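*Asks:* Here it is, the structure in full.
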Amino acid sequence: MTTEAVAVKRSAGRKLAGLFHGRPRLQVGSLLAAPAAWLVVLYLGSLGVLLITAFWTVDPLSGEVIQGWSLENFESLVNEPVYREIVWRTVRTAALVTVTDAIIAFPIAFYMAKVASRRGKALLVVAILMPLWSSYLVKVLSWRTMLSENGVINWALEPLGLHGPGYGLTAVWLVMSYLWLPYMILPIYAGLERIPNSLISASEDLGASPFTSFRRVILPLAFPAVVAGSIFTFSLTLGDFITVRLVSNSQFIGNTIASSITNDLPFAAALALVPIVVMIAYLGVARKLGAFEHV
Amino acid sequence: MRLSRRAEALLRGFVGLGLAFIYLPLVVIGIYAFNSSRILKWPPPSLTTEWFSKAFESDSVREALLTSVEVGLIATAIALLLGTLAAMAVGRYDFFGRETISFLVILPIALPGIVTGVALSNTFTQVLGVSLALWTVIVGHATFCIVVVYNNVVARLRRSSGSIEEASADLGADPWQTFRFVTFPSMKTALAAGALLAFALSFDEIIVTTFTIGAGEETLPIWIFHNLFRPKELPIVDAVAVIVILISIIPVYLAHRLSSEEGGVTGGKGGGAAEVAEVTAAP
Numbered sequence: 000m001t002t003e004a005v006a007v008k009r010s011a012g013r014k015l016a017g018l019f020h021g022r023p024r025l026q027v028g029s030l031l032a033a034p035a036a037w038l039v040v041l042y043l044g045s046l047g048v049l050l051i052t053a054f055w056t057v058d059p060l061s062g063e064v065i066q067g068w069s070l071e072n073f074e075s076l077v078n079e080p081v082y083r084e085i086v087w088r089t090v091r092t093a094a095l096v097t098v099t100d101a102i103i104a105f106p107i108a109f110y111m112a113k114v115a116s117r118r119g120k121a122l123l124v125v126a127i128l129m130p131l132w133s134s135y136l137v138k139v140l141s142w143r144t145m146l147s148e149n150g151v152i153n154w155a156l157e158p159l160g161l162h163g164p165g166y167g168l169t170a171v172w173l174v175m176s177y178l179w180l181p182y183m184i185l186p187i188y189a190g191l192e193r194i195p196n197s198l199i200s201a202s203e204d205l206g207a208s209p210f211t212s213f214r215r216v217i218l219p220l221a222f223p224a225v226v227a228g229s230i231f232t233f234s235l236t237l238g239d240f241i242t243v244r245l246v247s248n249s250q251f252i253g254n255t256i257a258s259s260i261t262n263d264l265p266f267a268a269a270l271a272l273v274p275i276v277v278m279i280a281y282l283g284v285a286r287k288l289g290a291f292e293h294v
Numbered sequence: 000m001r002l003s004r005r006a007e008a009l010l011r012g013f014v015g016l017g018l019a020f021i022y023l024p025l026v027v028i029g030i031y032a033f034n035s036s037r038i039l040k041w042p043p044p045s046l047t048t049e050w051f052s053k054a055f056e057s058d059s060v061r062e063a064l065l066t067s068v069e070v071g072l073i074a075t076a077i078a079l080l081l082g083t084l085a086a087m088a089v090g091r092y093d094f095f096g097r098e099t100i101s102f103l104v105i106l107p108i109a110l111p112g113i114v115t116g117v118a119l120s121n122t123f124t125q126v127l128g129v130s131l132a133l134w135t136v137i138v139g140h141a142t143f144c145i146v147v148v149y150n151n152v153v154a155r156l157r158r159s160s161g162s163i164e165e166a167s168a169d170l171g172a173d174p175w176q177t178f179r180f181v182t183f184p185s186m187k188t189a190l191a192a193g194a195l196l197a198f199a200l201s202f203d204e205i206i207v208t209t210f211t212i213g214a215g216e217e218t219l220p221i222w223i224f225h226n227l228f229r230p231k232e233l234p235i236v237d238a239v240a241v242i243v244i245l246i247s248i249i250p251v252y253l254a255h256r257l258s259s260e261e262g263g264v265t266g267g268k269g270g271g272a273a274e275v276a277e278v279t280a281a282p
């Protein structure tokens, strides 16, 4: 490049700098233009269209989608016991999975944050992270074989004269609790890490037994982190349809959406609004409980 | 915390059991991949590597693998660009609607994957009138991958101060030079970690993929899903599953190393929590 070209290029850069200098709004605007367009137009837009689609209907004879404003889909969601039962079953399972994971995750996270050595802590974080990121489908597939009639679980239980749960609702609960456990462990661990050790020492110095320190100091401070973890366990359970399909015959919100999408798109859209509404309510409560600083 | 010896031993035992529970299915599928019998009976009668060579020879597996890599790379590139831009705005400026932007970025993973999948598929087919293909999958993946890049970069920007950029400008650098010589080098590893995680996330995603993929296209997870109900194919499916685990775990391990080197998990206050939050952002 000749010196002249460099000079020209530099001055163009300067001009640009001059244009942006002292105009933070312009700076933010140009940074945000593309990501905001993608997320607002494409993503929020799609969610909006989904909401509108829920008011459409399908012509029972031709199978064509009729655009309009009908409450038909919502009526059948509310009035037909089948769908009420599906929604209730899904939400109930999500709650059960969340509680199960919180109970299993807390001691593990506590050990990681407050008992393990520095090295042990680092190792444990990696040990929990790896399975979280290894393929979701593969893990479900593995459980499917483990729970099968000739699988590991029955093989291990047979000498004890027991029989595994097989496929069904218990299997769904077990597999989902398994799948989302790391999502609960990590936020709780991060939350416990934030509690200064001096606070616990102070509680002990003031004569509290370990149990009292745990109940009166650690648990209240870590609770928002548990709620943060529960956002994941709850949301992931609500939307899952692969696990349900692989280890049970029951109907949950997820697989009902998946099976109705080809024949009755508007109804699938209405049904997809259910997890959105439930999650918005859930996030609202979680926010009140201070969970957002921990997500 | 001071625990009695017994309490500590109990806790350690619990953690051991927890880890065994977490790893059991991965070990089991690993063993099944070497099962010499086509019948899934535990324990396998003997072991073989036959299914791996069958998997590598299979055209449909190879094609699905290439498709997954293609989708992963393009989705990661888009997420890298959009995530970094959003992170720089949120991390370096104070403006009206800042909270909304961080909320918007998180939304695609906070809502169940099925919602994202159905919403996008509905927009593609009903509003835009396009037929589902591979690029529709890429759009879907990019949407939920933005958050992992964003989280990594925002966390890094929070740890460094904006004053070094001001110093660079004071010394006469133009915005591009400041970005190239100051901002970019300081967030290089965060970008790499974000990209690796985004790729891993895309590589084994199946829910959004199911709803946005065109007929006749297959990513590797979709291939697995299509074949796992066929008893004849099951041993090959298990071998492919092991390959998928390895391909998705390696980037995560590397990303974790990258983040820890820069004072992540093991390094002090805040870092741990932030980094955990960065990497927890999955499906």
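These protein sequence lines are chains A and B, in that order. All residue numbers for the first sequence refer to numbering that gives the first Met the number 0, where the first residue is 0 and numbers rise by one. All residue numbers for the second sequence refer to numbering that gives the first Met the number 0, where the first residue is 0 and numbers rise by one. C-beta: ideal position from N, C-alpha, C; glycine also. Since we're looking at a predicted model, the values are computed, not measured.
Tell me whether B/Ile21 is buried or exposed, calling it buried when 16 or more other Cβ atoms sit within 10 Å of its Cβ.
*Replies:* As a first step, residue 21 of chain B must be located in the second sequence, where it is residue number 22. When all chains shown are included, B/Ile21 counts as buried.
*Asks:* Identify, in the order they occur along the chain, each residue of the same chain with its Cβ nearer than 6 Å to the Cβ of A/Ala280, setting aside the five sequence neighbours on each side.
*Replies:* Position 281 of the first sequence, counting from 1, holds the residue named residue 280 of chain A. There are no such residues.
*Asks:* Nearest-angstrom Cα distance between A/Trp37 and A/Trp154?
*Replies:* Counting from one through the first sequence, the residue named residue 37 of chain A turns up at place 38. Counting from one through the first sequence, the residue named residue 154 of chain A turns up at place 155. Cα-Cα distance, rounded: 51 Å.
*Asks:* Secondary structure at B/Ile38, three-state DSSP: helix, strand or coil?
*Replies:* Position 39 of the second sequence holds residue 38 of chain B. B/Ile38 falls in the coil class under three-state DSSP.
*Asks:* Where DSSP assigns a beta bridge to A/Val64, which residues make up the other side?
*Replies:* The residue labelled residue 64 of chain A in the question sits at position 65 within the first sequence. Note: A/Val64 sits in a beta bridge opposite A/Val57.
*Asks:* Quick check: the Cα distance between B/Thr124 and B/Gly213, rounded to an integer number of angstroms?
*Replies:* For the purposes of this step, residue 124 of chain B is taken as the residue at position 125 of the second sequence. For the purposes of this step, residue 213 of chain B is taken as the residue at position 214 of the second sequence. If you take the alpha carbons of B/Thr124 and B/Gly213, they lie about 11 Å apart.
*Asks:* Kindly say whether A/Thr56, judged by its beta-carbon, lies nearer than 8 Å to any beta-carbon of chain B.
*Replies:* Within the first sequence, residue 56 of chain A is the residue found at index 57, counting from 1. Not one chain B Cβ lies under 8 Å of A/Thr56.
*Asks:* Name, please, each residue of chain B whose Cβ falls closer than 7 Å to the Cβ of A/Trp68.
*Replies:* Within the first sequence, the letter at position 69 stands for residue 68 of chain A. Result: empty, since nearest Cβ-Cβ is about 16 Å, beyond 7 Å.
*Asks:* Out of A/Val27, A/Val57, A/Pro130, A/Gly160, which one is the CA nearest neighbour of B/Gly96?
*Replies:* Walking along the second sequence from the start, residue 96 of chain B turns up at place 97. It is A/Val27 whose Cα lies nearest to the Cα of B/Gly96.
*Asks:* Are there 16 or more other CB atoms within 10 angstroms of the CB of B/Phe180, so buried, or fewer, so exposed?
*Replies:* Translated into the one-based positions of the second sequence, residue 180 of chain B becomes position 181. B/Phe180 comes out exposed.
*Asks:* Roughly how many angstroms lie between the CA atoms of B/Gly271 and A/Ala224, to the nearest whole one?
*Replies:* Counting from one through the second sequence, the residue named residue 271 of chain B turns up at place 272. Counting from one through the first sequence, the residue named residue 224 of chain A turns up at place 225. Per-residue confidence for B/Gly271 stands at a pLDDT of 39, beneath the threshold of 50, marking its modelled position as unreliable; the derived number appears in the next sentence. Roughly 14 Å between the two C-alpha positions.
*Asks:* Checking contacts by CB at 8 Å: is B/Ile100 closer than that to chain A?
*Replies:* In the second sequence, counting from the first residue as 1, residue 100 of chain B sits at position 101. For B/Ile100, the answer is yes, since a Cβ of chain A falls inside 8 Å of its Cβ.
*Asks:* At 4 residues or longer, and completely inside the region 121-156 of chain A: list those alpha helix (DSSP H) runs for me, N to C.
*Replies:* 135-146, 151-156, all fully within the region 121-156 of chain A.
*Asks:* Just to make sure I have the definition right: I need the residues of chain A whose C-beta is within less than 7 Å of the C-beta of B/Val207. Which are they?
*Replies:* If you number the second sequence from 1, residue 207 of chain B lands on position 208. Within chain A, no residue comes near B/Val207; the closest Cβ sits about 10 Å away, beyond 7 Å.
*Asks:* When you compare the CB positions of B/Leu195 and B/Leu79, do they come within less than 8 Å of one another, or not?
*Replies:* Taking the second sequence and counting its residues from 1, the one referred to as residue 195 of chain B is at position 196. Taking the second sequence and counting its residues from 1, the one referred to as residue 79 of chain B is at position 80. Not closer than 8 Å, so no.
*Asks:* Is there a C-beta anywhere in chain B that falls below 8 Å from the one on A/Gly167?
*Replies:* The sequence position of residue 167 of chain A within the first sequence is 168, counting from 1. By this cut-off, A/Gly167 is not an interface position.
*Asks:* Hey, A/Ser133 and B/Leu25 are a contact pair by Cβ (cut 8 Å); roughly how many whole angstroms apart?
*Replies:* Taking the first sequence and counting its residues from 1, the one referred to as residue 133 of chain A is at position 134. Taking the second sequence and counting its residues from 1, the one referred to as residue 25 of chain B is at position 26. Confirmed, about 6 Å.
*Asks:* Does A/Asn78 come within less than 8 Å of chain B when only Cβ atoms are used?
*Replies:* Mapped onto the first sequence, residue 78 of chain A falls at position 79. No, A/Asn78 lies away from the interface with chain B (no Cβ there is under 8 Å from its Cβ).
*Asks:* Taking Cβ positions only, does A/Ser141 come closer than 8 Å to chain B?
*Replies:* Position 142 of the first sequence, counted from the first residue, corresponds to residue 141 of chain A. Chain B contact via Cβ: present.
*Asks:* Near A/Val277, what residues of its chain come up, given a Cβ to Cβ distance below 7 Å and the 5 sequence neighbours on each side ignored?
*Replies:* Counted from its first residue, the first sequence places residue 277 of chain A at position 278. Val90, Leu237.
*Asks:* I'd like the span of the alpha helix (DSSP H) that includes A/Ser208, first residue to last.
*Replies:* What you label residue 208 of chain A is simply residue 209 of the first sequence in a count that begins at 1. Note, A/Ser208: premise wrong, no alpha helix (DSSP H); not H, not E.
*Asks:* Use the C-beta contact count for B/His140: other C-beta atoms within 10 angstroms, 16 or more gives buried, fewer gives exposed.
*Replies:* Here residue 140 of chain B refers to the residue found at position 141 of the second sequence. Buried: at least 16 other Cβ atoms inside 10 Å.
*Asks:* Can you list the beta strand (DSSP E) stretches of 3 or more residues lying completely in the region 214-257 of chain B, in chain order?
*Replies:* Qualifying beta strand (DSSP E) stretches: none in this window.
*Asks:* Which residue wins for smallest C-alpha separation from A/Ser200, given the options A/Val48, A/Ile217, A/Pro130, A/Val81?
*Replies:* Within the first sequence, the letter at position 201 stands for residue 200 of chain A. When only C-alpha atoms are compared, the closest one is A/Ile217.
*Asks:* Checking 8 Å against the spacing of the C-beta atoms, do A/Gly228 and A/Ile187 come in under that value?
*Replies:* As a first step, residue 228 of chain A is located in the first sequence; it is residue number 229 there, counting from the start. As a first step, residue 187 of chain A is located in the first sequence; it is residue number 188 there, counting from the start. It is a contact, given that the beta carbons lie within the stated cut-off.
*Asks:* Can you pull the chain B neighbours of A/Ala16, defined as C-beta to C-beta under 7 Å?
*Replies:* Reading the first sequence from its first residue, position 17 is the one you call residue 16 of chain A. Those are Asp173, Pro174, listed as they occur along chain B.
*Asks:* Return the residues of the region 147-160 of chain A that lie within a Cβ-Cβ distance of less than 7 Å from chain B, sorted by chain order.
*Replies:* Cβ contacts with chain B: Ser147, Asn149, Gly150, Val151, Trp154.
*Asks:* Grab me the residues of A/Ala115's own chain with a C-beta within less than 8 Å of its C-beta, minus the 5 sequence neighbours each way, in chain order.
*Replies:* Here residue 115 of chain A refers to the residue found at position 116 when the first sequence is read from its first residue. Taken in chain order, the residues that qualify are Leu123.
*Asks:* Whose Cβ in chain B lies nearer than 9 Å to the Cβ of A/Pro23?
*Replies:* Taking the first sequence and counting its residues from 1, the one referred to as residue 23 of chain A is at position 24. Those are Tyr92, Asp93, Phe94, listed as they occur along chain B.
*Asks:* I want to see whether chain B comes within less than 8 Å of A/Ser298, judged by CB atoms only; does it?
*Replies:* No information on residue 298 of chain A is available, as it lies outside the stretch 0 to 294 that chain A covers here.
*Asks:* Considering only C-alpha positions, which residue in the set A/Gly167, A/Leu128, A/Leu235 is nearest to B/Arg256?
*Replies:* Taking the first residue of the second sequence as 1, we reach residue 256 of chain B at position 257. Checking every option, the nearest Cα to that of B/Arg256 belongs to A/Leu128.
*Asks:* Using 8 Å as the threshold, is the C-beta distance between B/Thr218 and B/Ala63 below it?
*Replies:* Against the second sequence, residue 218 of chain B aligns to sequence position 219. Against the second sequence, residue 63 of chain B aligns to sequence position 64. Yes, they are a contact pair.
*Asks:* Please determine, among A/Ser259, A/Gly167, A/Leu282, A/Thr232, the residue with the shortest C-alpha to C-alpha distance to A/Ser247.
*Replies:* As a position in the first sequence, residue 247 of chain A is number 248, starting the count at 1. Cα-wise, what sits closest to A/Ser247 is A/Gly167.
*Asks:* On the DSSP letters alone, give me the boundaries of the alpha helix (DSSP H) that A/Trp179 sits inside.
*Replies:* As a first step, residue 179 of chain A is located in the first sequence; it is residue number 180 there, counting from the start. Run containing A/Trp179: 168-193, per the alpha helix (DSSP H) assignment.
*Asks:* State the DSSP-derived secondary structure class of B/Leu196, mapped to helix, strand or coil.
*Replies:* Reading the second sequence from its first residue, position 197 is the one you call residue 196 of chain B. Here B/Leu196 sits in helix by DSSP.
*Asks:* Give me the Cβ distance between B/Thr83 and B/Cys144, rounded to the nearest whole Å; I'm assuming they're in contact under 8 Å.
*Replies:* Your numbering for residue 83 of chain B matches position 84 in the second sequence. Your numbering for residue 144 of chain B matches position 145 in the second sequence. Not a contact, Cβ separation roughly 12 Å.
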